[in-house]
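> Shown below is the structure under consideration.
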Amino acid sequence: MESEDDVVKKTRTMEARARNISHNVRCTECGSQSIEDSQADIAILLRKLIRDEIQSGKTDKEIFKKLEDDFGETVLYAPKFDLQTAALWLSPLIVAGGAVGVLAFNKHRKQTNVHIMALNLVRGVSLTPKEKETMLDLLTPPPSEGTTRSWWRRWQAIMTAFLPCVTFGQIAEVLDAGEMTCHLGSFIYLLMMPALCSQWIIGSKYRTKLRKKYDLVEAPYTDVISHIFCPCCSLCQEFRELKNRGLDPALGWNGILAEQEGRRHHDQTVAVPPPKQAMYT
Numbered sequence: 001m002e003s004e005d006d007v008v009k010k011t012r013t014m015e016a017r018a019r020n021i022s023h024n025v026r027c028t029e030c031g032s033q034s035i036e037d038s039q040a041d042i043a044i045l046l047r048k049l050i051r052d053e054i055q056s057g058k059t060d061k062e063i064f065k066k067l068e069d070d071f072g073e074t075v076l077y078a079p080k081f082d083l084q085t086a087a088l089w090l091s092p093l094i095v096a097g098g099a100v101g102v103l104a105f106n107k108h109r110k111q112t113n114v115h116i117m118a119l120n121l122v123r124g125v126s127l128t129p130k131e132k133e134t135m136l137d138l139l140t141p142p143p144s145e146g147t148t149r150s151w152w153r154r155w156q157a158i159m160t161a162f163l164p165c166v167t168f169g170q171i172a173e174v175l176d177a178g179e180m181t182c183h184l185g186s187f188i189y190l191l192m193m194p195a196l197c198s199q200w201i202i203g204s205k206y207r208t209k210l211r212k213k214y215d216l217v218e219a220p221y222t223d224v225i226s227h228i229f230c231p232c233c234s235l236c237q238e239f240r241e242l243k244n245r246g247l248d249p250a251l252g253w254n255g256i257l258a259e260q261e262g263r264r265h266h267d268q269t270v271a272v273p274p275p276k277q278a279m280y281t
């Protein structure tokens, strides 16, 4: 038979285990206290349940598992780490990162202000030297590898890797002819990212729209497979496809229209001779 000291020691050990478990279990009635500190009826019932489970020989892990199965994982202060929990914890960081990226891109876009420069060119307003340099860069053919334009493509790939929502927003604005703005498209894509990575749904939809618009072949994989397993590569590919066809998504839809208008004005200015010509002796 166990001595009195052994019984007292065993009782203290069980009580310490019960208190430790109770401190890590949330009271489902008050929500802000553990069942060890709460005096609600459900807290008293759970404390008794924990002690009964300990006396029956259950381990702490088994007791936590039973509580989670009976009352849901929110009853634990430290729920198990899974995909849903990770998405819940990381969603504020993803939203904040996306917001910073959109604001940074919008600031850069305002600094370049390509569409305003093109409209000023049409109206006959003189451009500053920096604006002339930017406009000439837009009107000249793409340079060879190793130049500034190639570094821009690398920067685009890096931005897509960290902020794919921004690249998608740019693509969606061009394919929708300005009906969906870059900010709205980026926000929708960003909201779908934590939801079990469901951004492939809208990504594959716009990839299909791009293919149908230019009669492109769905190869080497389907649009859905491409956006599920290689979303960033797919977005970069779609971005380059539009840019190679003269629709640079980085300019936005208004910028593209202004660029086209500026080129037409430039061609007309070069092609039309002066109205009066005279030779003086």
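In full-length UniProt numbering, the protein residues as written are 1 to 281.
Every residue, glycine too, gets a C-beta built ideally from N, C-alpha and C.
(1) Check for me: the alpha helix (DSSP H) holding D70 runs from which residue to which?
(2) Below 8 Å, can you find three or more Cβ-Cβ pairs linking the stretch 217–234 to the stretch 173–184?
(3) DSSP three-state call for S38: helix, strand or coil?
(4) Entirely within the stretch 186–269 and at least 4 residues each: give me those alpha helix (DSSP H) ranges in chain order.
(5) Can you look up L76 in the DSSP assignment and give me helix, strand or coil?
(6) Quick check: what's the CA-CA separation for E238 versus N254?
(7) For L67 versus V8, is the C-beta distance shorter than 8 Å?
(8) In chain order, what residues of the same chain lie with their CB nearer than 8 Å to the CB of G98, ignoring the 5 residues before and after it?
(9) Verify whether the separation of the beta carbon atoms of S234 and R207 is less than 8 Å.
(10) With distance defined between alpha-carbon atoms, name the residue in A16, E36, L103 and L210 nearest to I54.
(11) If we call anything under 8 Å between Cβ atoms a contact, is E36 one with S22?
(12) Quick one: what's got a C-beta closer than 8 Å to E173's C-beta in the same chain, skipping five residues either side?
Once the coordinates are examined:
(1) Sequence index remark: in the sequence shown, residue 70 carries index 70 (1-based). Looking at the DSSP string, the run of the alpha helix (DSSP H) that includes D70 is D60 to F71.
(2) Judged by pairs of C-beta atoms under 8 Å, the stretch 217–234 does not touch the stretch 173–184, as fewer than three such pairs exist.
(3) Position 38 of the sequence shown, counted from the start, is the residue given in the question as residue 38. The DSSP-derived three-state label of S38 is coil.
(4) Considered as a whole, the stretch 186–269 harbours 199–214, 223–229 and 231–244 as its complete alpha helix (DSSP H) runs of no fewer than 4 residues, in chain order.
(5) To locate residue 76, count along the sequence shown from 1; it is residue 76. L76: strand per DSSP, three-state reduction.
(6) Here residue 238 corresponds to residue number 238 of the sequence shown, with the count starting at 1. Here residue 254 corresponds to residue number 254 of the sequence shown, with the count starting at 1. Computed Cα separation, rounded: 19 Å.
(7) By 1-based counting over the sequence shown, the position of residue 67 is 67. By 1-based counting over the sequence shown, the position of residue 8 is 8. Not closer than 8 Å, so no.
(8) By 1-based counting over the sequence shown, the position of residue 98 is 98. Excluding sequence neighbours, G98 sits near L163, C165, V166, S186, F187 and L190.
(9) Residue mapping note: residue 234 aligns to position 234 of the sequence shown, counting from 1. Residue mapping note: residue 207 aligns to position 207 of the sequence shown, counting from 1. Contact check for S234 against R207 passes: the beta carbons are separated by less than 8 Å.
(10) Stepping through the sequence shown from its first residue, residue 54 is reached at position 54. For the residues A16, E36, L103 and L210, the minimum Cα distance to I54 belongs to A16.
(11) As a first step, residue 36 must be located in the sequence shown, where it is residue number 36. As a first step, residue 22 must be located in the sequence shown, where it is residue number 22. Result yes, Cβ atoms of E36 and S22 sit closer than 8 Å.
(12) Taking the sequence shown and counting its residues from 1, one reaches residue 173 at position 173. Non-local beta-carbon contacts of E173 in its own chain, meaning distances under 8 Å to residues more than five positions away in sequence, involve M180, T181, C182, G185, P249, G252 and W253 in chain order.
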